[in-house]
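One line per chain: the protein sequences are V and P, in this order.
When we follow our numbering, the leftmost residue of the first sequence carries the number 321, and every step to the right adds one.
When we follow our numbering, the leftmost residue of the second sequence carries the number 29, and every step to the right adds one.
Yeah, the Cβ is synthetic: ideal placement off N, Cα and C, and Gly gets one too.
All values reported here derive from a predicted model rather than from experimental measurement.
Working notes for the structure below.
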Amino acid sequence: MRLSSDEIVFWQYGLFKLNATIVFTWALMLVLAVGSKLITRKLSTGLERSRWQSLLEIVVTGIEKQIEEVGLRRPDKYIGFLGTLFLFVALASLCTIIPGYEPPTGSLSTTAALALCVFVAVPFFGIEQQGLGGYLKSYVEPTVIMLPFNIISEISRTLALAVRLFGNMMSGTMILAILLTITPFIFPIAMSALGLLTGMVQAYIFSILAAVYIASATRVREPMPKPTADH
Amino acid sequence: MDSITLIAIASIVTAGLTIALGSIGPALGEGRAVATALSSLAQQPDAASTITRTLFVGLAMIESIAIYCFVVSMILLFANPFWNHIIAQAAGK
Numbered sequence: 321m322r323l324s325s326d327e328i329v330f331w332q333y334g335l336f337k338l339n340a341t342i343v344f345t346w347a348l349m350l351v352l353a354v355g356s357k358l359i360t361r362k363l364s365t366g367l368e369r370s371r372w373q374s375l376l377e378i379v380v381t382g383i384e385k386q387i388e389e390v391g392l393r394r395p396d397k398y399i400g401f402l403g404t405l406f407l408f409v410a411l412a413s414l415c416t417i418i419p420g421y422e423p424p425t426g427s428l429s430t431t432a433a434l435a436l437c438v439f440v441a442v443p444f445f446g447i448e449q450q451g452l453g454g455y456l457k458s459y460v461e462p463t464v465i466m467l468p469f470n471i472i473s474e475i476s477r478t479l480a481l482a483v484r485l486f487g488n489m490m491s492g493t494m495i496l497a498i499l500l501t502i503t504p505f506i507f508p509i510a511m512s513a514l515g516l517l518t519g520m521v522q523a524y525i526f527s528i529l530a531a532v533y534i535a536s537a538t539r540v541r542e543p544m545p546k547p548t549a550d551h
Numbered sequence: 029m030d031s032i033t034l035i036a037i038a039s040i041v042t043a044g045l046t047i048a049l050g051s052i053g054p055a056l057g058e059g060r061a062v063a064t065a066l067s068s069l070a071q072q073p074d075a076a077s078t079i080t081r082t083l084f085v086g087l088a089m090i091e092s093i094a095i096y097c098f099v100v101s102m103i104l105l106f107a108n109p110f111w112n113h114i115i116a117q118a119a120g121k
């Protein structure tokens with residue numbers, strides 16, 4: 321039994337391998353990039369707009385609203401990163417209804433790469449928002465004793481992001497494969513519907529957690545309001 | 029008993045124990061979370077969207093603990109590094 325789609329190799333030349341993960345990742349990237357390019361080629365601001373434009377508008381405004389609810393003031397600055405994460409993970413799990421497709425997020429290399437992007441993006445946005453000193457100062461809040469724990473939490477949450485997404489997607493395909501050998505008729509359909517739901521929830525979780533991490537790094541600490549004396 | 033049998037027994041038993049013990053805690057936690065969310069939904073139906081969103085995020089975080097156990101047991105069963113090491117050694121002889 322395969323543990324990930326890394327083990328399906330389509331083409332190999334020396335050290336250079338072209339496995340299913342890379343192929344499907346590039347296919348998804350192509351669908352996302354070409355699709356949005358085609359849709360945004362002629363945008364209209366009037367009342368008459370195409371169906372595809374309405375779809376994209378719903379997606380973009382929905383993501384912006386979610387980012388804003390997490391606590392990031394200006395969602396247009398972060399939607400490029402967070403929205404892409406969400407759309408990629410969501411499309412990767414949505415495409416599992418296509419036969420012969422293996423979700424690239426079911427491989428630890430893909431999810432580790434996505435988590436590393438978050439790991440780099442958090443200090444990037446943090447330094448951009450409150451300067452290098454202000455960002456580094458957030459590591460010694462509230463006291464210096466917390467410095468190692470803050471660093472450990474930075475690393476462990478990256479690991480947790482990667483393993484959570486990998487485990488969920490891998491368990492979905494694996495449970496399906498096991499069920500197909502036991503009850504091959506109706507029951508796998510219900511489980512694959514459940515897999516679609518978990519895929520969507522995981523995409524949401526992944527991007528929301530990234531948004532929460534960025535929000536906690538970019539938050540400028542406001543001084544506590546002085547308690548008024550007269551009551 | 030040679031080392032291959034020992035490793036096989038240890039891996040299979042540990043994989044079963046991992047998923048069995050590791051799913052107890054998340055199951056209890058998820059039950060509590062859903063029960064509390066339901067009672068707060070009954071008290072404040074207006075806040076349904078916020079409660080549901082937080083519930084989903086929390087459930088996925090709790091469930092990821094069970095998923096870690098599942099990943100570990102799958103690694104023990106299908107991609108066991110000790111097993112692979114012994115097999116490679118036996119092939120080399």
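- Three or more Cβ pairs drawn from the stretch 426 to 441 of chain V and the stretch 522 to 535 of chain V lie within less than 8 Å of each other, which places the two stretches in contact.
- Here the stretch 85 to 96 of chain P lies against the stretch 483 to 503 of chain V, with 3 or more beta-carbon pairs under 8 Å apart.
- Bridge pairing for N488 (chain V): absent [DSSP].
- Taking the beta carbon of N488 (chain V) as reference, the chain P residues within 9 Å of it are A88, E91, S92, I95, listed in sequence order.
- Per DSSP, the unbroken beta strand (DSSP E) holding K337 (chain V) starts and ends at 336 to 339.
- Near chain V, meaning a CB-to-CB distance below 9 Å, the residues of the stretch 72 to 87 of chain P are T78, R81, F84, V85, L87.
- Contact check for T425 (chain V) against L516 (chain V) fails: the beta carbons are separated by 8 Å or more.
- When 9 Å is used as the limit between beta carbons, V62 (chain P) is near no residue of chain V, the shortest such separation being about 14 Å.
- Contact residues of the stretch 93 to 118 of chain P toward chain V are I95, Y96, F98, V99, M102, F106, A107 (C-beta to C-beta distance below 7 Å).
- By a beta-carbon distance limit of 8 Å, T341 (chain V) contacts T430 (chain V). Their separation comes to about 6 Å.
- Nearest to I399 (chain V) by alpha-carbon distance, out of V:E384, V:R393, V:F408, is V:E384.
- E474 (chain V) is not a Cβ neighbour of S325 (chain V), given a cutoff of 8 Å.
- At a cut-off of 8 Å between beta carbons, R484 (chain V) contacts chain P.
- The alpha-carbon of L414 (chain V) is positioned some 30 Å away from that of T365 (chain V).
- With a cutoff of 8 Å on beta-carbon distance, V329 (chain V) and L338 (chain V) are scored as near each other.
- Among the residues facing chain P, V521 (chain V) is included, as its CB has a counterpart in that chain under 8 Å away.
- In terms of beta-carbon proximity, M494 (chain V) lines the interface with chain P, with at least one pair separated by less than 8 Å.
- Within the same chain, and ignoring the five residues on either side of F505 (chain V) in sequence, no residue has its Cβ closer than 8 Å to its Cβ.
- Cβ atoms of I79 (chain P) and S68 (chain P) come within 8 Å of each other, at about 6 Å.
- Per DSSP, the beta-bridge partners of W331 (chain V) are V:L338.
- Judged by pairs of C-beta atoms under 8 Å, the stretch 49 to 60 of chain P does not touch the stretch 105 to 113 of chain P, as fewer than three such pairs exist.
- For A435 (chain V), the closest Cβ of chain P is not nearer than 8 Å.
- S374 (chain V) does not reach chain P, its nearest Cβ partner there being about 22 Å away, counting only Cβ pairs nearer than 8 Å.
- DSSP places A107 (chain P) outside both helix and strand once states are collapsed to three, so it counts as coil.
- Sorting V:I509, V:C437, V:L456 by C-alpha distance to the C-alpha of T478 (chain V) places V:C437 at the top.
- Under a 10 Å Cβ-count criterion, A43 (chain P) is classified as buried, with 16 or more other Cβ atoms of the shown protein chains found around its own Cβ.
- Taking N488 (chain V) as reference, the option from V:Y455, V:A523, V:V460 with the minimal CA-CA separation is V:A523.
- Going by DSSP, M520 (chain V) is part of the alpha helix (DSSP H) stretching over 507 to 538.
- Annotation for D396 (chain V): the continuous alpha helix (DSSP H) segment containing it runs 395 to 414.
- Distance from the CA atom of L363 (chain V) to the CA atom of I528 (chain V), rounded to whole angstroms, is 29 Å.
- The beta carbon of L428 (chain V) is closer than 6 Å to those of F486 in its chain, skipping five residues each way along the sequence.
- Restricting attention to P:A116, P:F98, P:A119, P:R81, the CA atom closest to the CA of V62 (chain P) is found in P:R81.
- About 5 Å separates the Cβ atoms of Y455 (chain V) and I447 (chain V), confirming a contact at the 8 Å cut-off.
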